[in-house]
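Q:
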Amino acid sequence: MGIQFGTDEWVKAVMAALNESAGYAEAAKNWEGDFYFVIDEGPGVPETIYLYMDLWHGQCRDAFKVANASEKSPVFELSAPLKVWRGVLEKKIDPIQGLVTRRLKLKGPMMKVMKAPKAAIELVEACAQLDTDWPEA
Amino acid sequence: MWFFKCPEFFFGEDALSQLEMLPGKRAFIVTDANIAKLGFFDIVQKTLANASIDSQIFAEVEPDPSLQTVQRGADAMLAYEPDWIIGLGGGSSMDAAKAMWILYERPGIEPESISPMEDLGLRQKAKLICIPTTAGTGSEANYGIVLTDTAEKRKLTLGSREATPDIAIVDPMFTKNLPAFITADTGIDVLSHAIEAYSCGWANDFTDGLCLQAARMVFQYLPRAVADGPNDEEAREKMANAASIAGITLGNSQVALAHAMGHSAGALFKKIPHGRITAIFLPYTIEFVANGGVGRYADLAAMVGLPASEEAEAAQKLANATRSLMRQLNLPTSLQEAGIAATELEEHMETLVEHVMIDTNTLMSRRIPEFDEIEQLFQCAFDGRSVDF
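Just so you know, the protein sequences line up as chains A and B, in that order.
Using the working numbering, you'd call the opening residue of the first sequence number 1 and step up by one each time.
Using the working numbering, you'd call the opening residue of the second sequence number 1001 and step up by one each time.
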């Protein structure tokens, strides 16, 4: 049995996976910036979910689900509906193509993200290793 | 889900006369000093005058244009208030025109943040026409913008679908008397575009046919255009068209590892033109990708007359054919032959590899190299040694 997507347990499992990933550590060694990963309200998601991750120099320093979006003020916010997140994490959607076509919506300084494309790929790679249970959409 | 985006094209003899059909009052022409000296600006200006369009020139674009040059051009545009922007020249002038246009429409924007994720809201003030005077870059056909951050000695690959030119005018008149070495340096870039856009991870049904056709045209017509450019009108016209055809594939598909290595090396070894340095890496990256068992070269090889029974054989044939073509065009096939010293490579190796690692094009490769593999690739490309890993 896997971990339910979008839960506090799931984002903490992502944190553990990232902190064990040599690929992520190398690709994100210069990265500074925390994130909200937002799962939009829609089929399978009764209300919008905000997952917070504090990403710092190739490590994830903290990760948890927040009850209220105003709890943190991260530098970046990456949002998408459930089916897009699932597509990305199951590697059916290239994350960069997702951004270019705006199925994944990014708020924050683009400049910084454009300099760290490999870090984004490694992050997806780490998430994809998890045994994830998906909500019925 | 993906997309396909390209400008309206006018191509062939007398394509430039399309400018006479334009509505509008003022055009701002972005070019370089050499193009102005060659008289191409005068031809464009006279053609615009036939449509009662006044024009102003900005002829300060340097090879590998800097952010500072782009800002100066945008400031001049803001003062002149054109309703047409015309990029006239090679890739540097056309890319600079795109970036200046964006800053003219959106004066506050940081050039580095020009990305497909940003809504730019262009075309409130002006539209963009690109007129290539070389046959290679293909910048007239897509939304890519390559600028140089002179402080970081790094090329910035930027772009926004909104920055796709409205019109591309591909008139072979402009390339007819191009010197042989420029014809070779720019023409070989068409092959790099075609092969990488076909073999990268973003290749798709809409671009595959364009890539195959462009690759075939380069092998057929580039040697002729280099050998007898001023007299071989067919070769000139075909290469001009091939450059635009391959240019369409960029952005709709992508380029990959050879371009990432070319961007990295080109920013440090500025004496080597973009087309030449990128093509140097092309056969080595073909071998590297094929060695990982993920190559997509069989149709390309067959299209250029090198059928093979299996993918690995096709990749090797294509890599060898690329090297042979480059030798035929008097282009170097290694960094050493290109005039880079071993000490220079050693001195810059870490930066070279770092810049490849953070280049988005690296991720488009079907086989993404690790740090040490990139280092080995640079070493192979320096020695002129086939990639066996």
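Note that CB positions come from ideal geometry on N, CA and C, so glycine has one too.
Work out the CA separation of Ile1057 of chain B and Ala1163 of chain B for me, nearest whole Å.
A: 20 Å
Q: Arg86 of chain A lies in the alpha helix (DSSP H); which residues open and close that run?
A: According to the DSSP assignment, Arg86 of chain A belongs to the alpha helix (DSSP H) that extends over 82-89.
Q: Taking 9 Å as the cut-off, decide whether the C-beta atoms of Glu1346 of chain B and Gly1247 of chain B are in contact.
A: No; because the gap between Cβ atoms is not below 9 Å, this pair is not in contact.
Q: Can you tell me whether Ile1272 of chain B is helix, strand or coil according to DSSP?
A: coil
Q: Looking at chain B, is there any beta carbon in it that lies within less than 9 Å of the beta carbon of Leu106 of chain A?
A: yes
Q: Just grab the DSSP bridge partners of Trp1002 of chain B for me.
A: Paired residues: none, contrary to the question.
Q: In chain order, what residues of the same chain have a beta carbon less than 7 Å from the beta carbon of Glu1196 of chain B, not counting five sequence neighbours either side?
A: Val1255, Ala1256, Ala1258, His1259
Q: Is Ala1079 of chain B buried or exposed, if buried means 16 or more other CB atoms sit within 10 Å of its CB?
A: exposed
Q: How many angstroms separate the CA atom of Val100 of chain A from the CA atom of Leu1016 of chain B?
A: About 33 Å.
Q: Could you tell me which of B:Arg1154, B:Gly1087, B:Glu1008, B:Gly1305 sits nearest to Glu1060 of chain B, measuring between CA atoms?
A: Cα-wise, what sits closest to Glu1060 of chain B is B:Gly1087.
Q: DSSP on Lys1155 of chain B, reduced to helix/strand/coil?
A: Looking at Lys1155 of chain B - three-state DSSP - the assignment turns out to be strand.
Q: Are the C-beta atoms of Asp94 of chain A and some chain D residue less than 9 Å apart?
A: Here the protein chains are A and B, and chain D is not one of them.
Q: Can you tell me which residues form a DSSP beta bridge with Pro1132 of chain B?
A: B:Gly1089
Q: Going by beta carbon distance, what residues of the same chain come within less than 6 Å of Asp1171 of chain B, once the five residues before and after it are set aside?
A: Hits under 6 Å: Ala1015, Leu1016.
Q: Does the distance from the CB of Gly33 of chain A to the CB of Phe76 of chain A come in under 9 Å?
A: yes
Q: How would you call Pro1111 of chain B, buried or exposed, if buried means at least 16 neighbouring beta carbons within 10 angstroms?
A: buried
Q: Here's the rule I'm using: 16 or more other beta-carbon atoms within 10 Å means buried, otherwise exposed. How should Arg1123 of chain B be labelled?
A: exposed
Q: Report all residues from its chain with a CB closer than 6 Å to the CB of Gly1275 of chain B; omit the five preceding and five following residues, and keep chain order.
A: Gly1136, Asp1185, Thr1186, Ile1188, Asp1189
Q: Interface residues of chain B around Gln97 of chain A at Cβ under 9 Å?
A: Within 9 Å Cβ-Cβ: Met1001, Trp1002, Trp1202.
Q: Identify the contact partners of Met1217 of chain B in chain A, using a Cβ-Cβ distance below 9 Å as the criterion.
A: Simply none; closest approach about 28 Å.
Q: In or out: Asn1142 of chain B buried (at least 16 other Cβ within 10 Å) or exposed?
A: Buried: at least 16 other Cβ atoms inside 10 Å.
Q: Can you find at least 3 beta carbon pairs, one from the stretch 1313-1321 of chain B and one from the stretch 1337-1345 of chain B, that sit closer than 8 Å?
A: no
Q: With DSSP as the reference, please indicate the residues paired to Met53 of chain A in a beta bridge.
A: A:Phe35, A:Ala63
Q: Quick one: residues in its chain with C-beta nearer than 7 Å to the C-beta of Ala126 of chain A, no 5 flanking neighbours on either side, listed in chain order?
A: Val14, Ala17, Leu18, Ser21, Tyr24
Q: Measuring CA to CA, which of B:Gln1376, B:Glu1233, B:Gln1328 is closest to Phe1288 of chain B?
A: B:Gln1376
Q: Check whether the Cβ of Val38 of chain A lies closer than 9 Å to any Cβ atom in chain B.
A: Not closer than 9 Å to any Cβ of chain B, the Cβ of Val38 of chain A fails to qualify, so no.
Q: So what does Thr1183 of chain B bridge to, in DSSP terms?
A: Answer is none; Thr1183 of chain B lacks a bridge partner.
Q: Take the Cβ of Asp1042 of chain B as the centre, count every other Cβ of all protein chains shown within 10 Å, and call the residue buried at 16 or more, exposed below.
A: exposed
Q: Which whole-angstrom value describes the C-beta separation of Ala1267 of chain B and Lys1153 of chain B, a residue pair presumed to lie in contact below a C-beta threshold of 8 Å?
A: 5 Å
Q: Starting from Leu1147 of chain B, follow its DSSP beta bridges and name the residues at the other end.
A: B:Leu1156
Q: By DSSP, does Thr208 of chain A sit in helix, in strand, or in coil?
A: Chain A is shown only over 1 to 137; residue 208 of chain A falls outside these bounds and no answer can be derived.
Q: Using the three-state DSSP reduction, which class does Trp1084 of chain B fall into: helix, strand or coil?
A: In the structure shown, Trp1084 of chain B adopts extended strand secondary structure according to DSSP, grouped into three states.
Q: Ile1057 of chain B lies in the beta strand (DSSP E); which residues open and close that run?
A: Run containing Ile1057 of chain B: 1054-1058, per the beta strand (DSSP E) assignment.
Q: So, helix, strand or coil for Ala1027 of chain B, using DSSP?
A: strand
Q: In chain B, which residues lie less than 8 Å from Lys115 of chain A when you measure between Cβ atoms?
A: Contact of Lys115 of chain A with chain B by beta-carbon distance below 8 Å involves Ile1358.
Q: Since I believe Phe1371 of chain B is in contact with Met1349 of chain B (beta carbons under 8 Å), could you give me their beta-carbon distance rounded to a whole number of angstroms?
A: Wrong, their Cβ atoms sit about 11 Å apart, outside the cutoff.
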